[in-house]
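Peer 1: Numbering (our numbering), first residue to last: 1309 to 1612.
Dumping the structure here so I can ask a few things about it.
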Amino acid sequence: MYRRIFSFLVVFFLLAGGAALFATGQKEKPLGSEENPIVWSFVPSGNMQRVSSGAQLVADMLHEKTGLYFKTNVATEYAGVIEAMKSKPPTAQMASLATFAYVMAHEMGVADAALVSIRYGSPTYNGQIITQADSGIKKLTDLKGRTFARPDPLSTSGWIIPMLMMKAAGINPEKDLARIVDAGSHDAVVSAVYNGQADAGATYVDARTRIEKDHPDVMKKLVVIAVTPAIPNDGVQFIPSFPKDLKDKIVNALLKIASEDKGKKALNTAYQWNGLKKIDDSFYDPFRQLLQASGMSVKELQGK
1309 MYRRIFSFLV
1319 VFFLLAGGAA
1329 LFATGQKEKP
1339 LGSEENPIVW
1349 SFVPSGNMQR
1359 VSSGAQLVAD
1369 MLHEKTGLYF
1379 KTNVATEYAG
1389 VIEAMKSKPP
1399 TAQMASLATF
1409 AYVMAHEMGV
1419 ADAALVSIRY
1429 GSPTYNGQII
1439 TQADSGIKKL
1449 TDLKGRTFAR
1459 PDPLSTSGWI
1469 IPMLMMKAAG
1479 INPEKDLARI
1489 VDAGSHDAVV
1499 SAVYNGQADA
1509 GATYVDARTR
1519 IEKDHPDVMK
1529 KLVVIAVTPA
1539 IPNDGVQFIP
1549 SFPKDLKDKI
1559 VNALLKIASE
1569 DKGKKALNTA
1579 YQWNGLKKID
1589 DSFYDPFRQL
1599 LQASGMSVKE
1609 LQGK
């Protein structure tokens, strides 16, 4: 009797496995294989073509060092990257999220920090609010009734912190600004203010240099009226279920790439990264405390 039951179970599992193979056509290939590459999704921090080309260069170097295959993409908005990591199954296993977007994604349980970028020797940066020199805007309260450009609703230096600064100055952005323009990137914010499509805007310090080649007078034409407190840099994050052995291999390879001239050039092309540093989620705790001090939660800011 036991032999008959065992034979039945063997046949059942063979049939079940065959049905699965028939349904999918083949077994799922290992993550990181040519048929199932690791997807690394970037947010549109700057010119999308520049970010895309730099990201692909880094991915090619990662393949050389690890033997793993990667596919990179640049999302049209920050939330798109989070959704890709959140989907079941995830359509992105790695990401380079800006600070607030990462904190939000981690709270949602879809992202864990692994590396933070280094710019000009620091793992933190500042944001700035810019306007034309002759706009009449000298301080934050002068923004009332004006058009304001931001890179994305989830941009830390381009919206979250400037919004809190405006609120602290007595400005309600949703009610007191004439219009809020989602420019799509920091470069585009600078261009919008330079061309008069917005009276003011927020970017990282100093995104004005990104259009200086085409507009040599940008540093004189656009002035900074406010600078934000220090903000943790963006970096590299993984979905929580990402295999640890693969993560360690990729992190170590990226640190090696960041130490080489060719790698530094590629990282700089993509995101103006000068280096990378290994971290964990606790690195962002001071930023969380800054948000808590403002009296607003991550969920409240997400809604805004």
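We put the CB at the ideal spot given by N, CA and C, even for glycine.
Just to confirm, is the Cβ distance from A1403 to S1349 under 7 Å?
Peer 2: yes
Peer 1: What three-state label does DSSP hand M1402 in the structure shown?
Peer 2: strand
Peer 1: With DSSP as the reference, identify every bridge partner of N1381, one or two as the case may be.
Peer 2: S1349
Peer 1: Per the DSSP calculation, R1458 is bridged to which residue(s)?
Peer 2: D1490
Peer 1: Run through DSSP, which three-state label would K1564 get?
Peer 2: Assignment of K1564 by DSSP, reduced to helix, strand and coil, places it in the helix class.
Peer 1: Buried or exposed for Q1597, going by 16 or more other Cβ atoms inside 10 Å?
Peer 2: exposed
Peer 1: Quick check: what's the CA-CA separation for D1553 versus A1422?
Peer 2: 13 Å
Peer 1: A1413 to Q1505, Cα distance in whole Å?
Peer 2: 32 Å
Peer 1: Pop quiz: D1542 and A1383 are said to be a contact at Cβ under 8 Å. What is the actual Cβ separation, rounded to whole angstroms?
Peer 2: Their Cβ separation, rounded to whole angstroms, is 13 Å, which puts D1542 and A1383 out of contact at 8 Å.
Peer 1: Of all the options A1367, Q1364, F1378, V1351, which has the alpha carbon lying nearest to the alpha carbon of I1390?
Peer 2: V1351
Peer 1: Using only the alpha-carbon positions, how far apart do R1606 and I1426 sit?
Peer 2: According to the sequence shown, residue 1606 is Val rather than Arg. Taking the straight line from one Cα to the other gives about 25 Å.
Peer 1: Pick helix, strand or coil for V1359, following the three-state DSSP scheme.
Peer 2: helix
Peer 1: Less than 7 Å between the C-beta atoms of D1420 and P1338, yes or no?
Peer 2: no
Peer 1: Assign D1525 to one of three DSSP states: helix, strand, or coil.
Peer 2: Coil.
Peer 1: Assign I1533 to one of three DSSP states: helix, strand, or coil.
Peer 2: strand
Peer 1: Excluding five sequence neighbours on each side, which residues of the same chain lie with their C-beta closer than 6 Å to the C-beta of L1365?
Peer 2: A1574
Peer 1: Can you round the beta-carbon distance between S1491 and P1459 to whole angstroms, since I take them to be within the 8 Å contact cut?
Peer 2: This sequence places Ala at residue 1491; Ser is not what is there. With 8 Å as the limit, A1491 and P1459 qualify as a contact, their Cβ atoms being about 6 Å apart.
Peer 1: Please say whether T1432 and A1538 have beta carbons closer to each other than 7 Å?
Peer 2: yes
Peer 1: Smallest Cα separation from D1495: which of Y1512, K1483, A1486?
Peer 2: Y1512
Peer 1: Identify, in the order they occur along the chain, each residue of the same chain with its Cβ nearer than 6 Å to the Cβ of K1557, setting aside the five sequence neighbours on each side.
Peer 2: Hits under 6 Å: T1374.
Peer 1: Exposed or buried, S1341, counting other C-beta atoms within 10 Å across all chains shown (16 or more means buried)?
Peer 2: exposed
Peer 1: State the beta-bridge partners of D1420 as determined by DSSP.
Peer 2: F1546
Peer 1: Which of the three DSSP states is assigned to L1584 in this structure?
Peer 2: strand
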